[in-house]
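Chains as they are written, first to last, in the numbering used here: chain A, 4 to 235; chain B, 4 to 235. Where a beta carbon is used, it is the ideal one built from N, C-alpha and C, also for glycine. Quantities reported herein were computed from a predicted structural model and do not represent experimental measurements. Taking it in order: structure first as structure tokens, then the write-up.
Number of protein chains: 2
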Amino acid sequence: MSRTASSHTAATSPDPAKPAQKRVRRTAEEARRLILDAAEKRLATQGPEGIRLQDIARDVGISHPAILHHFESREGLVKALIARTNTQLREKLLTALGNSGDAAQDPIESVFEALSDRGTARLLAWLLLTGRVNDTSKGPQVLMTEIADRLHAHREENAKQKGTLAPDREDTFFLAMLTTSAAFGDAIIGRYLAEAAGLDEAGVKRFRNWFGKLLRQHVERTDAPAGDDEGK
Amino acid sequence: MSRTASSHTAATSPDPAKPAQKRVRRTAEEARRLILDAAEKRLATQGPEGIRLQDIARDVGISHPAILHHFESREGLVKALIARTNTQLREKLLTALGNSGDAAQDPIESVFEALSDRGTARLLAWLLLTGRVNDTSKGPQVLMTEIADRLHAHREENAKQKGTLAPDREDTFFLAMLTTSAAFGDAIIGRYLAEAAGLDEAGVKRFRNWFGKLLRQHVERTDAPAGDDEGK
DNA sequence: GGTTATACTGACATTGTTGTCAACACATGA
DNA sequence: TCATGTGTTGACAACAATGTCAGTATAACC
């Protein structure tokens, strides 16, 4: 077997002539960021099995114990990744909603766009598929309800101004659920569907507009007094 | 050493009084089916990391080399699982569409239901996320276009009967895309969304009906001659 | 009964991945 | 310039997972 020739008394120095001692030293924060970026990339492209310390380390250009130094364990890395993605998504959604407050764009379309961003949604999809959601208190579900609440407030305000009937609360929740589900699904399979349907970039955009219009029409219809549906 | 000794004559048998020689021998087909069932279950509940030969073998009650005997390799098992799921989904969708041909139920709702079945969709989602779609010629994308074609034929026929305008082809594709995306997303995140929104079983059903109605209204609206929208 | 085909098993080999550890190198401040 | 803290590394340990193999048990057919 001679399994271990051992004798690690430096008999096998690779290149004695070269010092090759250029070791880069980042700040802890910077290193963590780089590692998380690489992990996110791997996860998005290859799935959870793509999160391998060795590979990620290679991507960043460090050795894998460095990752363990910053994140304790592989699980720690995953948790940090979840946390970061959640806060990123949160910020993205809130600004999307904030911007659409002045009605320049449809809030639902903004939400859809923010959610169906490939990287984020695929990442979240993985977390959901592997059942890691319970680890984080503020998962995407909670986000969804927050958004639904905001939307509903918006609708109620509108209804008050127009003097129309206040919309059903559940209706708003269903709107938010559909948007979320569709955005998630779109992030996963949308690419393939568009391809199969022969849609180009512009076509995908048309699809999103179509979806936004669909919901808008529904809202206008529902919120308007019966029989009246002059939306625009 | 007598360790091997072919001594299944129970030197360390847990119950020496019992021969314990009951080795079950299934037909190859049966064995394959059981293994695939177990793998599918693991995959649905634990994600891709749940497909471990040892675990699956334990679930079935066999040793892990038996799996390799039937499927060559782990990858072979995965491919077989993909193939079976694809054909199952195909059949499910076709019968769903077939049944709804006589208008007892909305075709879109049937499709949604068939697609958002947790097991199937989660499995497919996994395949899509890991980019394993190219392996199979007949992925869900192709299925979607087939369904879209059928739906479109349906709509055109209706239009002809009613004497209304033929609907835009892209509109039908968008319908199918939305349904597919939403169903996929629902399979992944729907559970959590419903929970966060405080929906029970009946609530989830209401959501599906709501979605079906949304699309139906859209179809009625779009296909009707301009200005006329008395659907029901 | 005997023969054959094959589903199946236990033990082992192999490989890959996480995690540990002692030592090293780089920055900062005295 | 030395001391200190810590980012970083190579080598190794420990474990888990897939895959191999020779051999065993069972069903079917003669």
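- Residues of the stretch 30 to 61 of chain A whose Cβ lies closer than 8 Å to any Cβ of chain B, in chain order: T48, Q49, G50, P51, E52.
- The DSSP-derived three-state label of L202 (chain A) is coil.
- Distance from the CA atom of R211 (chain B) to the CA atom of E112 (chain B), rounded to whole angstroms, is 7 Å.
- With contacts defined by Cβ atoms closer than 8 Å, T175 (chain B) and R158 (chain B) form a contacting pair.
- In terms of Cβ geometry, A162 (chain A) and L154 (chain A) do not form a close pair [threshold 8 Å].
- Scanning A:R135, A:L130, A:D226 for the CA closest to the CA of E160 (chain A) turns up A:D226.
- Close to V136 (chain A), with beta-carbon spacing below 8 Å, are these residues of chain B in chain order: Y195.
- Per DSSP, T175 (chain B) is one residue of the alpha helix (DSSP H) stretching across 172 to 188.
- Residue A:I38 holds the alpha-carbon nearest to the alpha-carbon of S76 (chain A) among A:T48, A:I38, A:Q91, A:D62.
- In the DSSP assignment, I65 (chain B) falls outside any alpha helix (DSSP H) and carries neither an H nor an E.
- Counting other Cβ atoms within 10 Å of its Cβ, H73 (chain A) reaches 16 or more and is therefore classed as buried.
- Annotation: Cβ neighbours of V145 (chain B) in chain A (cutoff 8 Å, chain order): A199.
- Counting along the chain, L168 (chain A) sits inside no alpha helix (DSSP H), nor does DSSP assign it H or E at all.
- Exclusion of the five residues before and after A42 (chain A) leaves I54, I59, L80, L84 as the residues of its chain whose Cβ lies within less than 7 Å of its Cβ.
- Taken atom to atom, the span from the alpha-carbon of L71 (chain B) to that of A128 (chain B) is near 25 Å.
- A check of alpha carbon separations from K25 (chain B) across B:G193, B:I65, B:Q57 identifies B:I65 as the nearest.
- Rounded to whole angstroms, L100 (chain B) and V207 (chain B) show a C-alpha spacing of 22 Å.
- For S113 (chain B), the three-state secondary structure derived from DSSP is helix.
- Going by C-alpha positions, E204 (chain B) is about 13 Å away from L196 (chain B).
- In terms of Cα proximity to T90 (chain B), the closest of B:A156, B:L146, B:L218 is B:L146.
- One Cα belongs to F187 (chain B), the other to A124 (chain B), and the distance between them is close to 6 Å.
- For F177 (chain A), the closest Cβ of chain B is nearer than 8 Å.
- In this chain, the alpha helix (DSSP H) harbouring A42 (chain A) covers 31 to 49.
- A Cβ-Cβ distance of about 11 Å is found for the pair L178 (chain A) and L217 (chain A), leaving them out of contact under the 8 Å criterion.
- Between I191 (chain A) and L132 (chain B), the gap from beta carbon to beta carbon is short of 8 Å.
- Among the residues facing chain B, G142 (chain A) is included, as its CB has a counterpart in that chain under 8 Å away.
- Neighbours of D189 (chain A) in chain B, taken as residues whose beta carbon is under 7 Å from its own, are S184 in chain order.
- CA-CA distance, A47 (chain B) to A185 (chain A), rounds to 20 Å.
- Per the C-alpha coordinates, the member of A:E149, A:E78, A:E223, A:S119 positioned closest to A199 (chain B) is A:E149.
- With contacts defined as CB atoms closer than 8 Å, E52 (chain B) and P51 (chain A) qualify as a contacting pair.
- A straight-line Cα-Cα distance of about 28 Å links R209 (chain B) and E173 (chain B).
- Closest by C-alpha distance to G201 (chain A), out of B:F214, B:T88, B:A151, is B:A151.
- If you draw a straight line from the Cα of G215 (chain B) to the Cα of A117 (chain A), it comes to about 25 Å.
- Under the three-state reduction of DSSP, K216 (chain A) is assigned to helix.
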